[in-house]
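S.K.: Just passing along the structure, written as structure tokens.
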Amino acid sequence: ECELRLSARSTSLSLGLINISKWLKMANFVVAGQMNCPHYTKVEIAADILATYLKDFKITKIVKTQSEWRKFADDLCRKHGWSRKTSPIVWRKMLPEYEDHLTLIGNDDDFLEYAEGYYNVMAKLPAKMDTGYLLDVAEESFKKHVEKRMAMDRRQHTKSTCVCITGAYDVAAEFLITDLINGNILGRQVRIRLSLYDCGIDEERMSGLLMDVIDMGGPVVQSVQVFGELSQAVTGADYIVFMDNLQGQSQAAAFKTASASCTWVNTKSNKDCKVFVGVTPHTGVWTSCFVQNVTVTAPANVMGLSSLPILYMKSKIAEHLVVKPRQLSNVLVWGTVGENIYIDAENTLVSEWDGAIIGPSWYRRSLMDICYDGKGLVARLRKETVDSVGTGGFRSPMMKSHSVIRILQHWWGQDQQEPLFTSATVISDGSFDVPEGVVFSMPVVLKGSGQWEAHKDLSLTEDSKAAIAALVQDVREFK
Numbered sequence: 001e002c003e004l005r006l007s008a009r010s011t012s013l014s015l016g017l018i019n020i021s022k023w024l025k026m027a028n029f030v031v032a033g034q035m036n037c038p039h040y041t042k043v044e045i046a047a048d049i050l051a052t053y054l055k056d057f058k059i060t061k062i063v064k065t066q067s068e069w070r071k072f073a074d075d076l077c078r079k080h081g082w083s084r085k086t087s088p089i090v091w092r093k094m095l096p097e098y099e100d101h102l103t104l105i106g107n108d109d110d111f112l113e114y115a116e117g118y119y120n121v122m123a124k125l126p127a128k129m130d131t132g133y134l135l136d137v138a139e140e141s142f143k144k145h146v147e148k149r150m151a152m153d154r155r156q157h158t159k160s161t162c163v164c165i166t167g168a169y170d171v172a173a174e175f176l177i178t179d180l181i182n183g184n185i186l187g188r189q190v191r192i193r194l195s196l197y198d199c200g201i202d203e204e205r206m207s208g209l210l211m212d213v214i215d216m217g218g219p220v221v222q223s224v225q226v227f228g229e230l231s232q233a234v235t236g237a238d239y240i241v242f243m244d245n246l247q248g249q250s251q252a253a254a255f256k257t258a259s260a261s262c263t264w265v266n267t268k269s270n271k272d273c274k275v276f277v278g279v280t281p282h283t284g285v286w287t288s289c290f291v292q293n294v295t296v297t298a299p300a301n302v303m304g305l306s307s308l309p310i311l312y313m314k315s316k317i318a319e320h321l322v323v324k325p326r327q328l329s330n331v332l333v334w335g336t337v338g339e340n341i342y343i344d345a346e347n348t349l350v351s352e353w354d355g356a357i358i359g360p361s362w363y364r365r366s367l368m369d370i371c372y373d374g375k376g377l378v379a380r381l382r383k384e385t386v387d388s389v390g391t392g393g394f395r396s397p398m399m400k401s402h403s404v405i406r407i408l409q410h411w412w413g414q415d416q417q418e419p420l421f422t423s424a425t426v427i428s429d430g431s432f433d434v435p436e437g438v439v440f441s442m443p444v445v446l447k448g449s450g451q452w453e454a455h456k457d458l459s460l461t462e463d464s465k466a467a468i469a470a471l472v473q474d475v476r477e478f479k
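Counting from 1, one number per residue, gives the positions in the sequence shown under the working numbering.
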């Protein structure tokens, strides 16, 4: 009995130590201050050093001008019941499950004392940290912030395009934002007003995202704003990208959310705006809802992401053939992405394959000719793909962002030299025996400047035609 009590006590102590260790490792601090404040500069230097040495140490910086500071500090302290209102204010976020509970650290000296106790940061600080040094660094930071704001003001006088991104705090959206503000999607000649929104993300984290985007200094950005309501984010939007992660949401709930989004797009967005649905996994449901309910723009201006299952299928075929995925083409996705799809690889072509016949990079051979049992292989890999990643194909945020960026570059971009052949969820024009008006994933050609068309130069096998007919019947029953 004594041994059992000791064992229980040891187990409790071990769990406590594990929780403490987890709490210490997931250090997530927020520092807010005036841009020309030397005390804020001291915290910033120490936090940057800690972030360099500790991979789990996260720091969010909120910088305000002298005129903005008083209102910001008053609102912050009123919200959390704090009394400190001078720059800087440092606090710590708790574990994700206790995200609403913040711990006030205090000012710069309080933070350094706290950091020294846990992380021994004093030994890593620059040897010269006197007032003169801090004032010089603060002055330099102030000048950089002023230059950035002046550049933003100058850009505001230039005609610009409003781009709205929802689900903006998601990792996949971060890569998209980077390419967008660097002119890699719409082109460097287009000035962008960027509107960011993410349902369920608190104001502090969105403010941190805002500062991160501003710090990137994208050459085509005229302004960046974060919003707490979708109705505000889509106001005046010319381009809208929905990047929300709907994992765990039912089909009915996804349709309800999409319907509410359609209402705001209709009432707030600009006429003829372009809408790209990159939500996962209910991409097909969302795209269908937008095509049917959005009246502010033509149905052809709405497109949904379909290429994620293709990437996984390509990787499995490439692994089997010992080639690279880029050597494969004509892998297609039909149906309603996220619900019921058919991955068609029977017309797949392979280039640079090391076989009996070898040709240049433009020479391609049919997968069915290369493999002894091509149909059996495709059927097995198709099942493995759907079992592994589902019908939405979402597993990697980087893969999702790559797919979205590639499609937007060739659909919205102004200076694309070659059309892109891919699969996308669009409204059918009657091609491939898919009834006109049905929203369906099918092969398309993206031509740039908002133009696309169905890829009609494609011969389908009897198996593919039968699978497409069955999927069309599913869509009709769902409607």
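Quick reminder that beta carbons are idealized off the backbone N, C-alpha and C, glycines included.
Do residue 61 and residue 73 have their beta-carbon atoms positioned less than 8 Å apart in this structure?
M.R.: As a working note, residue 73 is residue 73 in the sequence shown. As a working note, residue 61 is residue 61 in the sequence shown. Cβ distance not < 8 Å, so residue 73 and residue 61 don't count as in contact.
S.K.: Out of 70, 273 and 166, which has the shortest C-alpha to C-alpha gap to residue 296?
M.R.: Position 296 of the sequence shown, counted from the start, is the residue given in the question as residue 296. Of 70, 273 and 166, the residue nearest in Cα terms is 273.
S.K.: Identify whether residue 21 lies in helix, strand or coil by the three-state DSSP scheme.
M.R.: Position 21 of the sequence shown holds residue 21. For residue 21, the predicted model reports a pLDDT of 43, less than 50, meaning its position is unreliable; a value from the coordinates is still stated below. Here residue 21 sits in helix by DSSP.
S.K.: By DSSP's criteria, residue 448 is part of a beta bridge. Which residues make up the other side?
M.R.: Within the sequence shown, numbered from 1, the residue matching residue 448 stands at position 448. Paired residue(s): 451.
S.K.: Suppose you measure from the CA of residue 97 to the CA of residue 382; what does that come to, to the nearest Å?
M.R.: The residue you call residue 97 lines up with position 97 of the sequence shown. The residue you call residue 382 lines up with position 382 of the sequence shown. Summary for residue 97: the model assigns pLDDT 49, below 50, so the residue's position carries little reliability, and this model does not support an answer.
S.K.: At least one CB of chain C closer than 8 Å to the CB of residue 149: is that the case?
M.R.: No chain C is part of this structure, which consists of one protein chain only.
S.K.: From 398, 374 and 322, pick the residue whose C-alpha is nearest to that of residue 346; which is it?
M.R.: Position 346 of the sequence shown, counted from the start, is the residue given in the question as residue 346. Looking at the Cα atoms, 374 is the closest of the given residues.
S.K.: In whole angstroms, what is the alpha-carbon distance linking residue 368 and residue 348?
M.R.: By one-based count along the sequence shown, residue 368 stands at place 368. By one-based count along the sequence shown, residue 348 stands at place 348. If I take the Cα positions, the gap works out to 8 Å.
S.K.: Taking residue 245 as the reference, give the member of 255, 136 and 282 with the closest Cα.
M.R.: As a position in the sequence shown, residue 245 is number 245, starting the count at 1. Ranking 255, 136 and 282 by Cα distance to residue 245 puts 282 first.
S.K.: Around the C-beta of residue 278, are 16 or more other C-beta atoms found within 10 angstroms, so that it is buried, or is it exposed?
M.R.: Reading the sequence shown from its first residue, position 278 is the one you call residue 278. Counting Cβ neighbours within 10 Å, residue 278 comes out buried, since at least 16 surround it.
S.K.: Go ahead and pull the three-state DSSP assignment for residue 370.
M.R.: As a first step, residue 370 is located in the sequence shown; it is residue number 370 there, counting from the start. Reduced to three states, the DSSP call for residue 370 is helix.
S.K.: Considering only the beta carbon of each residue, do residue 239 and residue 163 sit closer than 8 Å?
M.R.: As a working note, residue 239 is residue 239 in the sequence shown. As a working note, residue 163 is residue 163 in the sequence shown. Against a cut-off of 8 Å, the Cβ pair of residue 163 and residue 239 comes out as a contact.
S.K.: Please identify the residue among 308, 250, 386 and 276 whose C-alpha is closest to the C-alpha of residue 409.
M.R.: Position 409 of the sequence shown, counted from the first residue, corresponds to residue 409. For the residues 308, 250, 386 and 276, the minimum Cα distance to residue 409 belongs to 276.
S.K.: Could you give the uninterrupted runs of the beta strand (DSSP E) lying entirely in the segment 217–244, keeping only those of 3 residues or more?
M.R.: Runs found: 221–227 and 239–242.
S.K.: Inspect the CB distances between the segment 299–309 and the segment 436–456 and report whether three or more fall short of 8 Å.
M.R.: Cβ pair count under 8 Å is three or more, so yes.
S.K.: Just reading off the alpha helix (DSSP H) that residue 283 is part of, what are its end residues?
M.R.: Indexing the sequence shown from 1 puts residue 283 at position 283. Residues 283–293.
S.K.: In this structure, what does DSSP give as the bridge partners for residue 162?
M.R.: Here the question's residue 162 lines up with position 162 in the sequence shown. Per DSSP, 193.
S.K.: Is residue 168 helix, strand or coil when you go by DSSP?
M.R.: Locating residue 168 in the sequence shown gives position 168, where the first residue counts as 1. Coil.
S.K.: Got a sec, what are the start and stop residues for the alpha helix (DSSP H) residue 41 sits in?
M.R.: What you label residue 41 is simply residue 41 of the sequence shown in a count that begins at 1. 38–53 is the span of the alpha helix (DSSP H), which, as asked, contains residue 41.
S.K.: Do you know offhand how far residue 231's Cα is from residue 265's?
M.R.: Reading the sequence shown from its first residue, position 231 is the one you call residue 231. Reading the sequence shown from its first residue, position 265 is the one you call residue 265. Taking the straight line from one Cα to the other gives about 8 Å.
S.K.: Output the residue ranges of the alpha helix (DSSP H) runs that lie fully inside the segment 324–380 and measure 4 residues or longer, sorted by chain position.
M.R.: Runs of the alpha helix (DSSP H) inside the segment 324–380: 367–370.
S.K.: Can we say the segment 191–207 touches the segment 163–180, given the rule of at least three CB pairs closer than 8 Å?
M.R.: Yes, since at least three Cβ pairs between the segment 191–207 and the segment 163–180 fall closer than 8 Å, the two stretches touch.
S.K.: Run the CB neighbour count on residue 310, radius 10 Å, all protein chains shown included, and call it buried at 16 or more, exposed below.
M.R.: What you label residue 310 is simply residue 310 of the sequence shown in a count that begins at 1. Classification for residue 310: buried.
S.K.: Please identify the residue among 332, 336 and 253 whose C-alpha is closest to the C-alpha of residue 476.
M.R.: Counting from one through the sequence shown, the residue named residue 476 turns up at place 476. The shortest C-alpha separation from residue 476 is found at 336.
S.K.: Compute the Euclidean distance between the alpha carbons of residue 161 and residue 188, then round it to the nearest angstrom.
M.R.: The residue given as residue 161 occupies position 161 in the sequence shown. The residue given as residue 188 occupies position 188 in the sequence shown. Roughly 12 Å separates the two Cα atoms.
S.K.: Give the straight-line distance between the Cα atoms of residue 452 and residue 426, rounded to the nearest whole angstrom.
M.R.: Stepping through the sequence shown from its first residue, residue 452 is reached at position 452. Stepping through the sequence shown from its first residue, residue 426 is reached at position 426. Whole-angstrom Cα-Cα distance: 10 Å.
S.K.: Count the C-beta pairs between the segment 251–266 and the segment 313–326 that are closer than 8 Å, then say yes if the count reaches three, no if not.
M.R.: They do not touch, by the three-pair rule.
S.K.: Do you know how far the Cα of residue 48 is from the Cα of residue 146?
M.R.: Taking the first residue of the sequence shown as position 1, residue 146 is located at position 146. Taking the first residue of the sequence shown as position 1, residue 48 is located at position 48. Roughly 21 Å separates the two Cα atoms.
S.K.: Can the beta-carbon of residue 220 be found less than 8 Å from the beta-carbon of residue 177?
M.R.: As a first step, residue 220 must be located in the sequence shown, where it is residue number 220. As a first step, residue 177 must be located in the sequence shown, where it is residue number 177. No, these two residues do not count as a Cβ contact at 8 Å.
S.K.: Report all residues from its chain with a CB closer than 8 Å to the CB of residue 473; omit the five preceding and five following residues, and keep chain order.
M.R.: Your numbering for residue 473 matches position 473 in the sequence shown. No residues qualify anywhere along the chain.
S.K.: Quick check: the Cα distance between residue 482 and residue 175, rounded to an integer number of angstroms?
M.R.: Past the edges of the chain, shown from 1 to 479, lies residue 482, and the structure says nothing about it.
S.K.: According to DSSP, simplified to helix, strand and coil, what is residue 214?
M.R.: Reading the sequence shown from its first residue, position 214 is the one you call residue 214. Note: residue 214 maps to helix in three-state DSSP.
S.K.: Which residues does DSSP list as the beta-bridge partners of residue 33?
M.R.: Sequence index remark: in the sequence shown, residue 33 carries index 33 (1-based). DSSP lists 63 as partners of residue 33.
S.K.: In its own chain, which residues sit with a C-beta less than 6 Å from the C-beta of residue 440, not counting the 5 before and 5 after it?
M.R.: Against the sequence shown, residue 440 aligns to sequence position 440. Here the set comprises 428 and 434.
S.K.: Mark residue 120 as exposed unless 16 or more other C-beta atoms lie within 10 angstroms of its C-beta, in which case mark it buried.
M.R.: Sequence index remark: in the sequence shown, residue 120 carries index 120 (1-based). So residue 120 ends up on the exposed side.
S.K.: Tell me the residue span of the beta strand (DSSP E) that contains residue 277.
M.R.: Position 277 of the sequence shown, counted from the first residue, corresponds to residue 277. 274–277 is the extent of the beta strand (DSSP E) around residue 277.
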